[in-house]
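K.L.:
What follows is a single structure, and I will ask about it in a moment.
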Amino acid sequence: MLRVPNPLHAGLDFPAQNGGAPINQIVDTLGDDAAIIAITLARWDVPVTLLSNPLGDDDYGSRVSKQLKTSGLEASLSVVQGISTPIEVGVVDSTGSRTYFQQRDSEAVESIPAPGDSQLSDARMLYVDWYDGAKILETMERAQAYEVPVFLNLESRYSDAPNLADLLRFTTVCQVSIDEPDASGDPFTIGQDLLDVGIGTALVTMGARGCAVVQGSQRFQIRPPDVRVIDGYGAGASFSAGMIYGFQAGWPLEHCARFATALAGISCGIAGQALVTFDAVEKIAEGLTTERAAKRPSWGMPGTDTS
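Here the sequence shown stands for residues 1 to 307, where the numbers follow this note's numbering.
Structure follows, in structure tokens:
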């Protein structure tokens, strides 16, 4: 579940303060993470339902509606008079760094609908983002009651885990990032800490260093493909989409992580959302390097060990 803003990605060399720079490319695309994930999975024939915030009766709302309809994705869309469609303007420079500016209508953001019982009971996985706030707790709890695994995108908020305890207690898979400002730490320690509070699988994305995965006794790192970074926006969401695809296909954990890392890498080399084929991702995934880490026992509630 996620609000659906309409990011504009502009590739340029970011200028100094009070300076300027030419824009190399402008791409009109959809976000945030859940929308990217849903569209990616739908393209690969995975049944997906996106629960969206309402759209404003404005130009951005029309663009979002049109793009979602052409994607073939099942999405709950409504247009509400008097609100503005949330938007985000993202600026990406030649180093791969990204800066964003957001305009959020609180009424729109707070109006994401909850899934119906039939939607939730038939689901193979529920994806949520930490920034959707306390309102998603009820849906996560319902998912747990239906024995539907919950995938939580925690971004760089792992150090705030005590304040996110309510979210974590309903979470099966947790993805965090240490490729953001003020984010740091040993990825395997972070992953193990999440397992210690009851998470089954911890995924730590690290930008140019790839990803680290911790599940039960499994601890490994996948090195990313060598790509020329053009647009780093949505790389984390692409990684999530790759993992979710592998999970629902019943793949081994390492296969999931290799596929996800390959997809995230490919997405960084394309402006906007990556329209790549399944076979292209699999081919790159096969060539990635896996590095095993020393195993460390869990002192809290153990994760699921599928090794």
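Positions of the beta carbon are idealized from the N, C-alpha and C atoms, including for glycine.
Bear in mind the structure is a predicted one, so any value in this text is a computation, not a measurement.
State yes or no: is the C-beta of Leu73 nearer than 7 Å to some heavy atom of the ligand NAD?
P.N.:
Of the ligands one can find in the structure shown there are none, so the ligand NAD has no counterpart to examine.
K.L.:
When you compare only the Cα positions, how much space is there between Glu282 and Phe220?
P.N.:
Within the sequence shown, the letter at position 282 stands for residue 282. Within the sequence shown, the letter at position 220 stands for residue 220. Their backbone Cα atoms lie some 19 Å apart in a straight line.
K.L.:
List the endpoints of the continuous alpha helix (DSSP H) containing Gly265.
P.N.:
By one-based count along the sequence shown, residue 265 stands at place 265. For Gly265, the enclosing alpha helix (DSSP H) has its first and last residue at Leu253 to Cys268.
K.L.:
Mind listing, in chain order, the continuous alpha helix (DSSP H) runs of no fewer than 4 residues lying wholly within the region 48–93?
P.N.:
59–71
K.L.:
Just how far apart, CA to CA, sit Gly191 and Ile23?
P.N.:
Counted from its first residue, the sequence shown places residue 191 at position 191. Counted from its first residue, the sequence shown places residue 23 at position 23. Between Gly191 and Ile23, the C-alpha separation is close to 39 Å.
K.L.:
If you follow the alpha helix (DSSP H) that Ala285 is in, where does it begin and where does it stop?
P.N.:
On the sequence shown, position 285 is the one that residue 285 refers to. Segment Phe278 to Glu286, the alpha helix (DSSP H) holding Ala285.
K.L.:
Which of helix, strand or coil does DSSP assign to Ser217?
P.N.:
For the purposes of this step, residue 217 is taken as the residue at position 217 of the sequence shown. Three-state DSSP puts Ser217 in coil, outside helix and strand.
K.L.:
Sort Gln103, Thr99, Thr139 and Arg98 by Cα distance to Ser118 and report the nearest one.
P.N.:
On the sequence shown, position 118 is the one that residue 118 refers to. Closest by alpha carbon: Thr139.
K.L.:
If contact is defined by three or more beta carbon pairs under 8 Å, each pair taking one atom from either stretch, is the region 283–295 in contact with the region 252–265?
P.N.:
Segment contact: the region 252–265 against the region 283–295, three or more CB-CB distances shorter than 8 Å; contact assigned.
K.L.:
Put Thr171 into one of helix, strand or coil per three-state DSSP.
P.N.:
Numbered from 1 along the sequence shown, position 171 holds the residue referred to as residue 171. The answer is coil: DSSP assigns Thr171 none of H, G, I, E or B.
K.L.:
Rounding to the nearest angstrom, what Cα-Cα distance links Asp193 and Pro113 in this structure?
P.N.:
In the sequence shown, residue 193 corresponds to position 193, counting from 1. In the sequence shown, residue 113 corresponds to position 113, counting from 1. Approximately 32 Å, taken between the alpha carbons.
K.L.:
Is it buried or exposed for Thr99, if we count other Cβ within 10 angstroms and need 16 for buried?
P.N.:
Here residue 99 is taken as the residue at index 99 of the sequence shown, counted from 1. It is exposed - the Cβ of Thr99 has fewer than 16 other Cβ atoms within 10 Å.
K.L.:
Of the choices Ala16, Val27 and Gln17, whose alpha-carbon is the least far from that of Ala271?
P.N.:
Against the sequence shown, residue 271 aligns to sequence position 271. With distances taken between Cα atoms, Ala271 lies closest to Val27.
K.L.:
Under DSSP, the beta strand (DSSP E) around Tyr146 begins and ends at which residues?
P.N.:
Within the sequence shown, numbered from 1, the residue matching residue 146 stands at position 146. Unbroken run through Tyr146: none, as it is neither H nor E.
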